[in-house]
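One structure is given below, encoded as structure tokens.
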Amino acid sequence: MVAPFKPFEPHGRGGPRIREIPLRLVLPNLITVLAICAGLSGIRLAFEGRFEPAVVMVLVAAFLDGIDGRLARMLKATSKFGAQMDSLADIVNFGVVPALVLYAFLLDRAGSLGWIAALLFSIACGLRLARFNVLDDDLERPAWQAEYFVGVPAPAGAVVVLAPMYLAFLGLEPTRTVAYAGTAFAILVAFLLVSRLPVYSGKKLRIRREYLLPVMLAAVFYVLLLTVYPWQTLTASVAGYLLFLPLSASAYARRAKIEAAAEAAAAETTTETPDATPEA
Numbered sequence: 002m003v004a005p006f007k008p009f010e011p012h013g014r015g016g017p018r019i020r021e022i023p024l025r026l027v028l029p030n031l032i033t034v035l036a037i038c039a040g041l042s043g044i045r046l047a048f049e050g051r052f053e054p055a056v057v058m059v060l061v062a063a064f065l066d067g068i069d070g071r072l073a074r075m076l077k078a079t080s081k082f083g084a085q086m087d088s089l090a091d092i093v094n095f096g097v098v099p100a101l102v103l104y105a106f107l108l109d110r111a112g113s114l115g116w117i118a119a120l121l122f123s124i125a126c127g128l129r130l131a132r133f134n135v136l137d138d139d140l141e142r143p144a145w146q147a148e149y150f151v152g153v154p155a156p157a158g159a160v161v162v163l164a165p166m167y168l169a170f171l172g173l174e175p176t177r178t179v180a181y182a183g184t185a186f187a188i189l190v191a192f193l194l195v196s197r198l199p200v201y202s203g204k205k206l207r208i209r210r211e212y213l214l215p216v217m218l219a220a221v222f223y224v225l226l227l228t229v230y231p232w233q234t235l236t237a238s239v240a241g242y243l244l245f246l247p248l249s250a251s252a253y254a255r256r257a258k259i260e261a262a263a264e265a266a267a268a269e270t271t272t273e274t275p276d277a278t279p280e281a
């Protein structure tokens, strides 16, 4: 008979002692730690004046953040520890790192206003992640609303707020006027993070089989564009995402009306249907 798995066992006054942990439980958390390392390395590169590699590190952190949770669910290795680590990594990689990289590159030219914008963005990212964790545990929330984020998600906010850097890499001179414009843009993104704006998540999006190969080809094409023309592709992606936000809100409003009408019809049907009582 195989003994049950016990990752911790008492060890006197020294606290619990780690005995053995399966590799499948370690791998997602390892990817999360690597994401934190990538983000913090981006800060170092920015302080050294190597801003393009710093932005790349932010993108690498976003990529690793996107796969650690999916890998944990695929390996059935989800845990409360992993969830807390993921939240910590998100605050660092998508709140602190982009704010400091953007400040070192541009916002410091705006003086104290630039620093205020960097602080607001970091705080907004933390508040947005806290709200996400609360809503994720809300069992009374209608199922269809889970298809939408409340506010711009933190990874998207990190990529969007760095748009002034993409434009600078394409030739825009980072003057003081541009710094003030970047400050206003960072504050705008901070408010989008903590707003009630419904943003379609695509979690339950299903691709029909006949469209699978074209979608895969389009994804490969986008990755190639990102590799060959990174700053042009990122600039176009940010512009497309900002245009997508009002469309998402409009789709949410239409869906809310449909669901409300369906609930009202169901309630009316229940009220008008008499209770059937058996005859004696």
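Residue numbers (this note's numbering): 2 to 281. Backbone N, C-alpha and C define an ideal beta-carbon position, used for all residues, glycine too. All figures in this text were calculated on a predicted structure; none of them were measured in a lab.
{"Asked": "Residues near Met2 by beta carbon distance below 6 angstroms, same chain, minus five either side", "Found": "Legend: pLDDT at Met2 = 46, less than 50; position of this residue unreliable, value from coordinates given subsequently. Same-chain partners within the cutoff: there are none."}
{"Asked": "Neighbourhood of Arg110 by C-beta distance below 6 angstroms, restricted to the same chain and skipping five residues each side", "Found": "Arg177 and Ala180"}
{"Asked": "Cβ-Cβ distance between Cys126 and Ile92 below 8 angstroms", "Found": "yes"}
{"Asked": "Opening and closing residue of the alpha helix (DSSP H) in which Phe95 lies", "Found": "Element bounds for Phe95: n/a, residue is neither H nor E."}
{"Asked": "For Tyr201, the first and last residue of its enclosing beta strand (DSSP E)", "Found": "Pro199 to Tyr201"}
{"Asked": "Within 8 angstroms, strictly: CB atoms of Thr184 and Ala105", "Found": "no"}
{"Asked": "Val153 - DSSP class collapsed to helix/strand/coil", "Found": "coil"}
{"Asked": "Cβ pair count under 8 angstroms reaching 3, the region 161 to 171 against the region 262 to 269", "Found": "no"}
{"Asked": "Cβ pair Pro165, Phe186 closer than 8 angstroms", "Found": "yes"}
{"Asked": "Thr79 (DSSP reduced to helix, strand or coil)", "Found": "coil"}
{"Asked": "C-beta neighbour in chain D for Asn134, strict 8 angstroms", "Found": "Here chain D cannot be found, since the structure has a single protein chain."}
{"Asked": "Continuous alpha helix (DSSP H) assignments of at least 4 residues falling wholly in the region 175 to 236", "Found": "177 to 195 and 213 to 229"}
{"Asked": "Residue burial classification, Asn134 (beta-carbon count within 10 angstroms, cutoff 16)", "Found": "exposed"}
{"Asked": "Distance between Ala252 and Leu89 (C-alpha atoms, nearest Å)", "Found": "32 angstroms"}
{"Asked": "C-beta atoms of Leu72 and Leu28 nearer than 8 angstroms", "Found": "yes"}
{"Asked": "Through-space distance from Arg45 to Ala55, alpha-carbon basis", "Found": "8 angstroms"}
{"Asked": "Minimum C-alpha distance to Pro199 - residue among Ala237, Thr228 and Glu148", "Found": "Glu148"}
{"Asked": "Cβ shell of Ala157 (< 7 angstroms), same chain only, five flanking positions each side left out", "Found": "Tyr242"}
{"Asked": "DSSP-derived helix/strand/coil call for Leu173", "Found": "coil"}
{"Asked": "Trp145 versus Leu101, Ser202 and Ala100, residue with shortest Cα-Cα distance", "Found": "Ser202"}
{"Asked": "Minimum C-alpha distance to Lys204 - residue among Thr79, Phe150, Val98 and Val221", "Found": "Phe150"}
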